[in-house]
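*Asks:*
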Amino acid sequence: MVKLFLDSAILDEIKAVKKIGILDGVTTNPSLIKKSVDKLKGEESKGVDIESYIKEMLEVCGERPVSLEVIGVSFEEMVREGKLLYEKFGKYGNVYVKIPVNTCMEEECSMEGDGIRAIAELSKNNIPVNCTLVFTPEQALLAAKAGAKFVSPFMGREDDYIREMNRIKFDKTDYFPAKGIKKGEKVLDDDGIVSGVDLVDGCVKILSKNRFECEVLAASIRSTRQFREAVKVGADIVTLPYGVFIESLGHAKTIEGMKKFSEDVVEEYAELLRGRK
Ligand code: G3P
235 MVKLFLDSAI
245 LDEIKAVKKI
255 GILDGVTTNP
265 SLIKKSVDKL
275 KGEESKGVDI
285 ESYIKEMLEV
295 CGERPVSLEV
305 IGVSFEEMVR
315 EGKLLYEKFG
325 KYGNVYVKIP
335 VNTCMEEECS
345 MEGDGIRAIA
355 ELSKNNIPVN
365 CTLVFTPEQA
375 LLAAKAGAKF
385 VSPFMGREDD
395 YIREMNRIKF
405 DKTDYFPAKG
415 IKKGEKVLDD
425 DGIVSGVDLV
435 DGCVKILSKN
445 RFECEVLAAS
455 IRSTRQFREA
465 VKVGADIVTL
475 PYGVFIESLG
485 HAKTIEGMKK
495 FSEDVVEEYA
505 ELLRGRK
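If you read the sequence shown in my numbering, its first letter stands for residue 235, the second for the next number, and so on.
#1: When the Cα atoms are used, what is the spatial distance from residue 490 to residue 407?
#2: Can the beta-carbon of residue 260 be found closer than 8 Å to that of residue 240?
#3: For residue 267 versus residue 250, is the C-beta spacing smaller than 8 Å?
#4: Is residue 453 near the ligand G3P, with its Cβ less than 7 Å from a heavy atom?
#5: Out of 271, 301, 276 and 296, which has the shortest C-alpha to C-alpha gap to residue 287?
#6: Does the separation of the CB atoms of residue 315 and residue 304 fall below 8 Å?
#7: Write down every uninterrupted run of the alpha helix (DSSP H) in the stretch 385-464 whose length is 4 residues or greater and which is fully enclosed by it, in chain order.
#8: With DSSP run on the structure shown, which of helix, strand or coil describes residue 361?
#9: Using a C-beta cutoff of 8 Å, does residue 468 count as contacting chain B?
#10: Which residues mark the beginning and the end of the alpha helix (DSSP H) in which residue 275 is found?
#11: Closest to residue 252 by CA distance: which of 264, 294 and 263 is it?
#12: Between which two residues does the alpha helix (DSSP H) holding residue 334 run?
#13: Might you give, ordered along the chain, the residues of its own chain that have their beta carbon closer than 6 Å to the beta carbon of residue 307, omitting 5 neighbours on each side?
#14: Quick check on residue 348: does DSSP put it in helix, strand or coil?
#15: Return yes when the Cβ of residue 366 is within less than 8 Å of the Cβ of residue 317, no when it is not.
#16: Following a CB-centred definition, is residue 458 positioned closer than 7 Å to any heavy atom of the ligand ATP?
#17: Please identify the residue among 275, 263 and 290 whose C-alpha is closest to the C-alpha of residue 245.
#18: For residue 284, which three-state DSSP category applies?
#19: If I follow the unbroken beta strand (DSSP E) through residue 480, where does it start and stop?
#20: Using a threshold of 8 Å, state whether the C-beta atoms of residue 429 and residue 410 are closer than that.
#21: Just to confirm my understanding: we take residue 319, look at its own chain, exclude 5 residues before and 5 after, and list those with CB closer than 8 Å. What are they?
#22: Could you compute how far the alpha carbon of residue 438 sits from the alpha carbon of residue 450?
#23: For residue 404, verify whether its CB is less than 7 Å away from any heavy atom of the ligand G3P.
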């Protein structure tokens with residue numbers, strides 16, 4: 235059964251989704267941690283105790299996996315930080331260490347594979363790894379082979395990239411068709427990948443065909459439709475921003491139906507349900 239994660243480091247959001255009763259895990263990254271720290275700084279004048287904050291986040295999540303990302307870019311730094319995160323917070327909950335598939339930040343990369351090496355090293359030490367910033371099924375395959383427990387293809391950002399490469403103006407939440415965008419006879423692509431959904435589909439097919447014990451965690455989801463499409467192509471896990479989680483519960487016809495049912499309640503039926511007879 236597909237698992238639903240929350241893509242947020244905001245405690246109130248985590249608690250709210252947990253309360254609904256359908257939370258399977260949480261994913262964070264440095265940008266999401268920044269968002270929660272900025273929010274806390276706005277609420278309280280005293281400094282933010284990030285260690286206690288993360289500890290509480292893990293305690294709230296209990297057995298559910300919580301991904302915490304490293305910030306180092308070399309093999310040594312990532313392994314050290316991964317072990318630190320796991321050792322410091324592992325006793326409070328179920329920590330997954332998030333490692334980028336490749337930490338190169340230049341146009342020209344030597345592709346020494348620091349990310350993959352770090353995944354292999356941490357996995358060898360029984361530290362569960364979520365491999366992040368995945369944009370090709372090949373990256374997912376290498377990460378799975380190195381022992382990653384989750385691979386995170388970034389759907390929304392793949393769609394952004396296809397539009398950026400083709401100078402198409404867009405808003406981040408604009409729908410991008412799962413089958414891609416046609417320009418003349420050609421469907422626009424990123425080395426054969428036509429959309430974020432297609433990227434997830436490729437990862438699912440390659441990992442399941444090769445029977446890796448690694449789950450595809452569809453990330454960078456910006457809309458309910460993208461959420462639906464990720465599940466349809468077989469993502470094992472989808473991680474949703476809080477807004478998408480809540481939006482997924484709504485529909486104009488659900489509201490209309492609710493109003494009508496409420497209007498039509500007869501006194502006899504209401505009395506029965508009050509339990510007074
Ligand atoms: O799960 C990854 C996510 O936080 C990135 O989302 O919308 O910034 O691409 P986004």
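Ideal placement from N, C-alpha and C gives every residue a C-beta, glycine not left out.
*Replies:* On the basis of the coordinates in this document:
#1: On the sequence shown, position 256 is the one that residue 490 refers to. On the sequence shown, position 173 is the one that residue 407 refers to. Those two C-alpha atoms are separated by around 26 Å.
#2: Taking the sequence shown and counting its residues from 1, one reaches residue 260 at position 26. Taking the sequence shown and counting its residues from 1, one reaches residue 240 at position 6. It is a contact, given that the beta carbons lie within the stated cut-off.
#3: Locating residue 267 in the sequence shown gives position 33, where the first residue counts as 1. Locating residue 250 in the sequence shown gives position 16, where the first residue counts as 1. Their beta carbons are not under 8 Å apart, which means residue 267 does not touch residue 250 by this criterion.
#4: For this step, residue 453 is matched to residue 219 along the sequence shown. For the ligand G3P, at least one heavy atom lies less than 7 Å from the Cβ of residue 453.
#5: For this step, residue 287 is matched to residue 53 along the sequence shown. Out of 271, 301, 276 and 296, the CA that lies nearest to the CA of residue 287 is found in 271.
#6: Along the sequence shown, read from residue 1 onward, the residue named residue 315 stands at position 81. Along the sequence shown, read from residue 1 onward, the residue named residue 304 stands at position 70. The answer is yes: Cβ separation under 8 Å.
#7: Within the stretch 385-464, the complete alpha helix (DSSP H) runs of at least 4 residues are 389-399 and 430-443.
#8: The residue labelled residue 361 in the question sits at position 127 within the sequence shown. In this structure, residue 361 counts as coil in the three-state DSSP scheme.
#9: This model lacks chain B altogether; it includes just one protein chain.
#10: As a first step, residue 275 must be located in the sequence shown, where it is residue number 41. That run of the alpha helix (DSSP H) goes 264-277.
#11: Translated into positions along the sequence shown, residue 252 becomes position 18. Cα-wise, what sits closest to residue 252 is 294.
#12: Position 100 of the sequence shown holds residue 334. It is not in any alpha helix (DSSP H) - residue 334 instead sits in the beta strand (DSSP E) that spans 328-334.
#13: Numbered from 1 along the sequence shown, position 73 holds the residue referred to as residue 307. Hits under 6 Å: 337.
#14: Working through the sequence shown from its first residue, we reach residue 348 at position 114. In the displayed model, residue 348 falls within a helix according to three-state DSSP.
#15: The residue given as residue 317 occupies position 83 in the sequence shown. The residue given as residue 366 occupies position 132 in the sequence shown. No, these two residues do not count as a Cβ contact at 8 Å.
#16: Annotation note on the ligand ATP: not contained in the displayed structure, which lists the ligand G3P as its ligands.
#17: Position 11 of the sequence shown holds residue 245. Looking only at 275, 263 and 290, the smallest Cα-Cα distance to residue 245 is reached by 290.
#18: Within the sequence shown, residue 284 is the residue found at index 50, counting from 1. Helix.
#19: For the purposes of this step, residue 480 is taken as residue 246 along the sequence shown, with counting starting at 1. Where residue 480 is concerned, there is no enclosing beta strand (DSSP E), although the alpha helix (DSSP H) it sits in stretches over 476-481.
#20: In the sequence shown, counting from the first residue as 1, residue 429 sits at position 195. In the sequence shown, counting from the first residue as 1, residue 410 sits at position 176. For residue 429 and residue 410, yes; Cβs fall inside 8 Å.
#21: Numbered from its first residue, the sequence shown carries residue 319 at position 85. Answer for residue 319: 302, 304, 329 and 331, listed in chain order.
#22: Counting from one through the sequence shown, the residue named residue 438 turns up at place 204. Counting from one through the sequence shown, the residue named residue 450 turns up at place 216. So the alpha carbons of these two residues sit roughly 6 Å apart.
#23: Position 170 of the sequence shown holds residue 404. In terms of side-chain proximity, the C-beta atom of residue 404 is found no nearer than 7 Å to any non-hydrogen atom of the ligand G3P.
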